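One structure below.
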Amino acid sequence: MIVLHYTGMVDADVALARLTDPEAKVSAHYLVDEDGRLVSLVPEDKRAWHAGRSHWRGITDINSASIGIEIVNPGHDHGYRPFPDPQIEALIPLVADIKDRYAITRGNIVGHSDIAPTRKRDPGELFPWGRLARLRLALPRPTRNLLDPEWSDAGFLLALERFGYEVADPLAAVVAFQRRFRPELIDGEIDGECRAILLALLLPRPQGDD
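Numbered per full-length UniProt numbering, the sequence shown finishes at 210, counting up by one with no gaps.
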């Protein structure tokens, strides 16, 4: 897997100091600064402490199954803002290279909020997932016209769990799904659009396209 984070700290220097402090017990494999500077922090064959308590598609020890990338951004608590072009232009080839070398499917390139919806909001609704998706580096938001499926809320949550989310906290799971796939409206409500988006994500795709 590849897990994308924002640093959630006031600037890159503060984030880098924390990520390299043994007492903090937090780390990632890479950090991408807003100016495009790329810092390698942990060798890819070593386990970094970036995911914490998390879950995706049945995997609960995500630190042992993933590469973690921290993207410098102050986050929701310190003045969340769009990610600059130089930063994303540096991130894209990094993700592409890791994806190719480890044969990671697009469905396993996720945000921290996808794998830890009760605890995390990063990289957040301003992250340009669509830009990565156009390069086949993330799953795209479905756009085809679909009839709203007649799912109960319970049925929707079962389907959401099948897709990969932990749904023990239903509201947190729905909010995380919306933050990733419908960032313009994050209200925790299971509406027809959410149902249609999830249905499209669950529809069969060509082999190797998940």
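Think of the CB as a built atom: it goes at the ideal place given N, C-alpha and C, for glycine as much as any other residue. Remember, it's a predicted structure, so these values are computed and weren't measured experimentally.
Looking at the unbroken beta strand (DSSP E) that takes in residue i, where does it start and where does it end?
i	result
S66	It is not in any beta strand (DSSP E) - S66 carries neither H nor E in the DSSP assignment.
L171	Not the beta strand (DSSP E): L171 falls in the alpha helix (DSSP H), residues P170 to F181.
V39	L38 to S40
For residue i versus residue j, is the C-beta spacing smaller than 8 Å?
i	j	result
V95	A15	no
G164	V174	no
L41	A28	yes
A116	R57	no
H5	G79	no
G8	G75	yes
L132	I190	no
Taking the C-alpha atoms as reference points, what is the distance between residue i and residue j?
i	j	result
D97	L38	14 Å
D122	E150	31 Å
L160	L31	30 Å
L126	P82	6 Å
D21	W49	12 Å
A2	S152	For clarity, residue 2 is Ile in the given sequence; the question names Ala instead. Answer to the nearest angstrom: the Cα atoms are 32 Å apart.
G124	I62	19 Å
S66	V26	15 Å
I109	R180	12 Å
D13	I88	19 Å
L203	E34	36 Å
I59	G36	31 Å
A196	R141	11 Å
Determine the DSSP secondary structure at residue i, reduced to helix, strand or coil.
i	result
L31	strand
Y102	helix
V3	strand
I190	coil
W56	strand
How far does the alpha helix (DSSP H) with residue i in it extend, from its first residue to its last?
i	result
I115	H112 to I115
L135	No alpha helix (DSSP H) contains L135, which DSSP labels as neither H nor E.
V14	A12 to L19
D153	D153 to F163
I believe residue i touches residue j by the beta-carbon criterion, under 8 Å. Please report the beta-carbon distance rounded to the nearest angstrom.
i	j	result
L137	R106	7 Å
L198	L139	Contact flag wrong, Cβ pair sits at about 12 Å.
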